[in-house]
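Our numbering numbers the first residue of the sequence shown as 21 and each following residue consecutively. The C-beta atom is built at its ideal place from N, Cα and C for all residues, glycine as well. Data block below; observations after.
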Amino acid sequence: WDGAFNGFLWGGLVRLFLTENFIWSINSITHVYGCRLFNTNEQSTNNIWLAIPTLGEAWHNNHHAFPHSAKFGLKWWQVDLGYWVIFTLKAVGLAWDIKVPTAGMIEFKKSA
């Protein structure tokens, strides 16, 4: 029973606890702490400290500026591992019609 208990504890409860906390921390933290590249209709920010453990989801202001984009890391230094997963899926034919803002769209949104 020791193996079943440890599997349930670490593979179940602890995994779910950590995953859910990372997910909900995006909305809690990135609407309070961080910087804003774009003027959006809410208080979303980009938070570099959460970007790596959340695979790029913490570029939250970018997400609100371009909600249909698969790519949240819009600057060269904004790590966005989630986008590279999608890019790889596209390369092997498992994803298509991927939306990514152009440089012109990004500049226009910055000036708006």
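Nearest to residue i by alpha carbon, out of the options?
i, options, result
"Leu101", "Ala123, Val112, Leu75", "Leu75"
"Ala90", "Trp97, Phe28, Thr122", "Thr122"
"Val120", "Leu114, Gly32, Ala85, Lys130", "Ala85"
"Gln98", "Ile118, Pro73, Ile43", "Pro73"
"His51", "Ile43, Asn41, Glu62", "Glu62"
Note down, in chain order, each residue of its chain lying with its Cβ closer than 7 Å to the Cβ of residue i, except the 5 sequence neighbours on either side.
i, result
"Cys55", "Thr65, Asn66"
Taking 6 Å as the limit between beta carbons, can you name the residues of its chain near residue i, skipping five residues before and five after?
i, result
"Phe92", "Gly76, Trp79, Asn82, His83, Asp100"
"Phe128", "none"
Who are the near neighbours of residue i in its chain, counting only those whose CB is closer than 8 Å to its CB and skipping five residues on each side?
i, result
"Tyr53", "Thr65, Asn67"
"Trp116", "Lys110"
If residue i sits next to residue j, beta carbons under 8 Å apart, how far is it from one beta carbon to the other, in whole angstroms?
i, j, result
"Ile49", "Leu36", "Actually they do not touch by this definition, with Cβ atoms about 19 Å apart."
"Ile106", "Ile118", "6 Å"
Subject >> Every unbroken alpha helix (DSSP H) inside the region 21-76 [4 residues or more] >> reply: Within the region 21-76, the complete alpha helix (DSSP H) runs of at least 4 residues are 22-26, 35-49, 68-71.
Original post:
Can you list the alpha helix (DSSP H) stretches of 4 or more residues lying completely in the region 75-122, in chain order?
Top reply: Whole alpha helix (DSSP H) segments, 4+ residues: 80-85, 101-111.
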